[in-house]
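The next block holds one structure in the form of structure tokens; read it before the comments.
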Amino acid sequence: MHEFSIAEALAAQVLAHAPAGARVRGIEIVVGALRGLEPDALRTCWDAVTFGTPMAGSTLEVDLRPWSIRCSSCGREWSSPVPFVACLCGNSTPAPVGGDELDLVAITVDEGGT
Amino acid sequence: MSEPARTLRLPMVERVLEANDEIADETRDELARRGIFAIDLIGAPGSGKTALLEATLQLLKGRRRPAVLVGDLATRRDGDRLARWCDQVVQISTGEGCHLEANQVRDALRQVDLEGVDLLFIENVGNLICPVGFDLGQTAKVGMFSLTEGDDKAAKHPYLVTAADLLLLNKIDLAPHLSFDRVGFEADVRLLNPRVPMLEVSATSGQGLERWIAWIDRASVARASAARGQALG
Chain A
0 MHEFSIAEAL
10 AAQVLAHAPA
20 GARVRGIEIV
30 VGALRGLEPD
40 ALRTCWDAVT
50 FGTPMAGSTL
60 EVDLRPWSIR
70 CSSCGREWSS
80 PVPFVACLCG
90 NSTPAPVGGD
100 ELDLVAITVD
110 EGGT
Chain B
0 MSEPARTLRL
10 PMVERVLEAN
20 DEIADETRDE
30 LARRGIFAID
40 LIGAPGSGKT
50 ALLEATLQLL
60 KGRRRPAVLV
70 GDLATRRDGD
80 RLARWCDQVV
90 QISTGEGCHL
100 EANQVRDALR
110 QVDLEGVDLL
120 FIENVGNLIC
130 PVGFDLGQTA
140 KVGMFSLTEG
150 DDKAAKHPYL
160 VTAADLLLLN
170 KIDLAPHLSF
180 DRVGFEADVR
190 LLNPRVPMLE
200 VSATSGQGLE
210 RWIAWIDRAS
220 VARASAARGQ
230 ALG
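From first to last, the protein sequence lines stand for chains A and B. Counting in numbering that gives the first Met the number 0, the first sequence runs from 0 upward without gaps. Counting in numbering that gives the first Met the number 0, the second sequence runs from 0 upward without gaps.
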């Protein structure tokens with residue numbers, strides 16, 4: 000369940016970036032295919048670790064990057080949510096290439112208000 | 000007069016595990032300064048990580064000066080097994096943690112007398128998924144699969160296959176008794192990582208272990224000369 004550790008790291012990071020007194024409404028992250036992260040599991044963990052904090056109730060948007068598949072027989076390239084897929088040309092073993100990025104790309108906050 | 004709240008979107012690009020990675024980099028620098036080659040050993044529960052380290056420590060006796068960190072959710076059993084063959088063993092209890100993180104390794108290293116150590120084994124928590132994404136400050140990541148797990152495990156765990164500096168296929172002595180497709184297994188590995196070296200070993204029979212030891216020695220020397228090259232600028 001590495002989602003929990005990642006949610007904890009993310010919460011610390013978001014809190015460090017959010018302006019003092021601001022309420023955090025949304026978080027956006029980008030996740031490479033290699034990470035094997037399950038967005039729903041991560042959201043469950045996010046809700047748990049942010050409970051009772053200025054981030055409580057915020058939405059976590061996960062941009063899960065797909066695999067890039069390259070066929071060595073016909074040269075076709077395409078993206079796929081799963082790594083091992085056959086090519087239309089008949090080649091059953093095109094090479095899957097995935098990224099391992101795990102980046103925080105935006106925070107949306109409500110600031111001020113009286 | 001009350002003022003409405005302003006909604007602001009703050010764009011940024013920052014690694015989520017940056018805090019972990021910073022600690023890992025400090026550990027890596029410290030180990031490099033001391034000339035210690037550090038291996039993060041990652042494999043499934045029951046794949047034979049501890050058995051491999053037991054056999055490895057015996058083979059290295061008198062030749063290298065190793066220390067071992069071993070992570071488990073519960074019990075000190077692995078640490079006790081390894082302490083028979085090495086006087087510098089630290090068991091890390093991760094509680095509910097399914098993988099080691101850089102701060103746990105840093106803290107455990109404080110319990111090791113690093114003076115005179117030239118090789119560090121970090122046996123990660125048995126798990127093919129979570130440990131891969133957490134940098135510990137290792138010099139090399141070694142992934143371990145075994146014949147009893149089935150021949151589809153490389154394909155099902157692409158992050159470990161792509162991240163590994165070496166892959167071990169353990170329990171090779173059981174090949175006559177199992178229908179493990181070694182050709183298919185290697186084909187899956189090669190699709191994901193065309194260059195990673197692969198060694199077939201048996202921690203219990205000793206088969207292939209001389210090549211594993213040779214890899215450790217070669218990789219340690221290569222790392223040390225690369226570090227010297229960097230120091231010379």
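From the three backbone atoms N, C-alpha and C, an ideal C-beta is built for every residue, glycine too.
For the set A:Gly89, A:Pro65, A:Leu63, A:Glu60, the Cα lying nearest the Cα of arginine 75 of chain A is the one of A:Gly89. In this structure alanine 6 of chain A is not in contact with tryptophan 66 of chain A, their Cβ atoms being roughly 24 Å apart against a cut-off of 8 Å. For glycine 149 of chain B, the closest of B:Gly45, B:Ala101, B:Arg194, B:Arg64 by C-alpha to C-alpha distance is B:Gly45. Close to chain A, meaning a Cβ-Cβ distance shorter than 9 Å, is no residue of the segment 32 to 50 of chain B at all.
At a cut-off of 7 Å between C-beta atoms, proline 53 of chain A does not count as an interface residue with respect to chain B. The criterion of a C-beta distance shorter than 7 Å is not satisfied by aspartate 134 of chain B and aspartate 216 of chain B. Per DSSP, the beta bridge partners of tryptophan 77 of chain A are A:Ile68.
Counting C-beta atoms within 10 angstroms of its own C-beta, glutamine 137 of chain B has 16 or more neighbours from the protein chains shown and is therefore classed as buried. Across the structure, proline 196 of chain B and threonine 58 of chain A are spaced so that their CA atoms are roughly 43 Å apart. At a cut-off of 7 Å between beta carbons, proline 10 of chain B contacts chain A. In this structure, the beta-carbon distance from glutamate 2 of chain A to valine 104 of chain A does not fall below 7 Å. In the structure shown, the three-state DSSP call for alanine 139 of chain B is strand. Below the 7 Å Cβ cutoff, chain B contributes no neighbours of valine 48 of chain A, its closest Cβ being approximately 13 Å away. Counting other Cβ atoms within 10 Å of its Cβ, glutamine 229 of chain B stays below 16 and is therefore classed as exposed. Within the segment 48 to 83 of chain B, the runs of alpha helix (DSSP H) that reach at least 4 residues and sit entirely inside it are, in chain order, 48 to 59, 76 to 82. Proximity of isoleucine 91 of chain B to chain A, defined by a Cβ-Cβ separation below 7 Å, is not satisfied. Proximity of valine 23 of chain A to chain B, defined by a Cβ-Cβ separation below 7 Å, is not satisfied. Across the set B:Trp214, B:Leu9, B:Pro3, the C-alpha of B:Leu9 shows the shortest separation from the C-alpha of valine 108 of chain A. Counted as a single uninterrupted DSSP element, the beta strand (DSSP E) harbouring leucine 7 of chain B occupies residues 5 to 14.
Using a C-beta cut-off of 8 Å, the segment 90 to 97 of chain B makes no contact with the segment 38 to 54 of chain B, since fewer than three inter-stretch Cβ pairs fall below that distance.
For the pair alanine 186 of chain B and phenylalanine 83 of chain A, the CB atoms are not nearer than the 7 Å cut-off.
Assignment of glutamate 110 of chain A by DSSP, reduced to helix, strand and coil, places it in the strand class.
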